[in-house]
Amino acid sequence: MSVIHDVALAAEFIEDETDFYEGFDGLARPVRPTGPPGEVEVVLVSQQPEEAAVRCRVDRYYTRYASRHPTRTPPSAADAASFVFAVANDEVSE
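Under our numbering, the first residue of the sequence shown is numbered 124, with each subsequent residue one higher.
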């Protein structure tokens with residue numbers, strides 16, 4: 124799981140569409156990369172947030188990759204934007 128804080132940096136991390144499995148913006152809306160290799164832009168797929176999907180992916184990440192840290196649990200926040208912000212600022216050292 125990666126969090127890219129600045130969408131302008133996406134092209135540095137995502138070379139082409141095959142480097143990307145699934146993504147969401149800061150409001151839990153689905154995004155996808157588009158454009159030629161080296162010039163990738165991230166665009167919204169839908170204006171509709173998928174908060175449940177984001178929370179599920181984050182829970183799975185913490186279960187699998189933070190399991191050696193028994194006190195580590197995903198951040199909790201009531202709304203999607205606060206949750207995504209909390210996850211982006213919570214670092215799990217593996």
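Cβ coordinates follow ideal geometry from the N, Cα and C atoms, glycine included.
Report the rounded CA-to-CA distance for residue i versus residue j, giving the unit in angstroms.
i: E217; j: R195; result: Per-residue confidence for E217 stands at a pLDDT of 49, beneath the threshold of 50, marking its modelled position as unreliable; the derived number appears in the next sentence. Cα to Cα, E217 sits roughly 11 Å from R195.
i: A131; j: D182; result: 27 Å
i: A189; j: E135; result: 26 Å
i: Q170; j: Y184; result: 25 Å
i: D213; j: F143; result: 22 Å
i: R180; j: P197; result: 10 Å
Confirm, please, whether the CB-CB distance from residue j to residue i is below 8 Å.
i: A204; j: G149; result: yes
i: V154; j: V163; result: no
i: G158; j: E138; result: no
i: A201; j: A209; result: no
i: E174; j: A211; result: no
i: R178; j: F206; result: yes
Check the DSSP bridge columns for residue i and list the partner residues they point to.
i: L167; result: V154
i: G146; result: V154
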